[in-house]
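Numbering (full-length UniProt numbering), first residue to last: 1 to 293. Backbone N, C-alpha and C define an ideal beta-carbon position, used for all residues, glycine too. So the structure is just underneath, and the comments pick up after that.
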């Protein structure tokens, strides 16, 4: 009887700390969920306010209430009636797609060369690429504009695309990815007599799709949201991109906030759609960066 009582006492004493630990974990998890919900609310509120503002009619444009009493989609059509917004969207799409294709292609090839090829001055070349990341666009925008105009690329798609496509960030990102890429996968192709070019296109590039997708999304979003360089290099209204068009539209119709919100919503829809479609690849790119060869 005494032995049974002692066992029950030890079991009760051991269960106390276990319950307290589990209770602490539940409280901590609940606190993290509440914090995540607050952060998500703060992040999503501007987007929700933009959508609701785009649905307000002219009578409710200046009202303080957030939710429109009589929602309407007429503002979206009115934007196209006031300015050539379809042309702005087309210019942004052409520019963003071209910059993304060139940046991903050049960045992946140059990054692989800096990660795998052995040649004199390789680290100096990579250091030069990295140093350009420390220079902000406003610092070099005047000499860059002079070079572009003297090459005859002012007011052209080439002037909008080429200076933005060949930057150091894609090279830096892909080089860091390929440095950690498993060499065993390449050595198997090397045994079959594959050179660097065949190894890159047959083995490395197909396995780099998650990272390439993430780089493509980042490049597309950056180019789509670009404002300063398109504003300076494209003086012709027929070459204006959507961000320049929205700024001009806001100057003309700044009092009609429902129209401004509708224009902003139209500009944000392609980027939101792209992120939703490629979010799986972005998550996979974060996971694959942990591979070590």
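Euclidean distance between Cα positions of residue i and residue j
| i | j | result |
| --- | --- | --- |
| residue 48 | residue 212 | 30 Å |
| residue 240 | residue 94 | 12 Å |
| residue 180 | residue 110 | 15 Å |
| residue 177 | residue 117 | 15 Å |
| residue 144 | residue 278 | 33 Å |
| residue 166 | residue 193 | 32 Å |
| residue 292 | residue 220 | Here residue 292 scores only 48 on pLDDT, less than 50, and its place in the model is too uncertain to base an answer on. |
| residue 72 | residue 40 | 27 Å |
| residue 274 | residue 35 | 27 Å |
| residue 290 | residue 19 | Confidence at residue 290 is low in this model, with a pLDDT of 48, below 50, so the placement of that residue should be treated as unreliable; the coordinate-derived value is given next. Approximately 35 Å, taken between the alpha carbons. |
| residue 38 | residue 24 | 21 Å |
| residue 135 | residue 126 | 15 Å |
| residue 80 | residue 195 | 53 Å |
| residue 276 | residue 210 | 15 Å |
| residue 269 | residue 31 | 33 Å |
| residue 28 | residue 123 | 46 Å |
| residue 44 | residue 121 | 47 Å |
| residue 280 | residue 150 | 43 Å |
| residue 86 | residue 92 | 10 Å |
| residue 157 | residue 26 | 56 Å |
| residue 76 | residue 260 | 10 Å |
Beta-carbon proximity check, residue i vs residue j, cutoff 9 Å
| i | j | result |
| --- | --- | --- |
| residue 133 | residue 188 | no |
| residue 262 | residue 115 | no |
| residue 99 | residue 223 | yes |
| residue 52 | residue 107 | no |
| residue 232 | residue 161 | no |
| residue 138 | residue 228 | yes |
| residue 245 | residue 88 | yes |
| residue 191 | residue 203 | no |
| residue 235 | residue 152 | no |
| residue 101 | residue 129 | no |
| residue 103 | residue 215 | yes |
| residue 258 | residue 70 | no |
| residue 55 | residue 68 | yes |
| residue 148 | residue 159 | yes |
| residue 82 | residue 252 | yes |
| residue 267 | residue 243 | yes |
| residue 255 | residue 62 | yes |
| residue 264 | residue 50 | yes |
| residue 199 | residue 84 | no |
| residue 112 | residue 175 | yes |
First and last residue of the uninterrupted alpha helix (DSSP H) at residue i
| i | result |
| --- | --- |
| residue 185 | 183-191 |
| residue 129 | 122-132 |
| residue 136 | Neither: residue 136 is in no alpha helix (DSSP H) and is coded neither H nor E. |
| residue 159 | 157-165 |
With a floor of 4 residues, list each alpha helix (DSSP H) that falls wholly inside the region 48-110, ordered by position along the chain.
74-82
Where in the region 176-248 do unbroken runs of the alpha helix (DSSP H), each at least 4 residues long, occur, reported from the N-terminal end onward?
183-191, 196-199, 209-224 and 228-233
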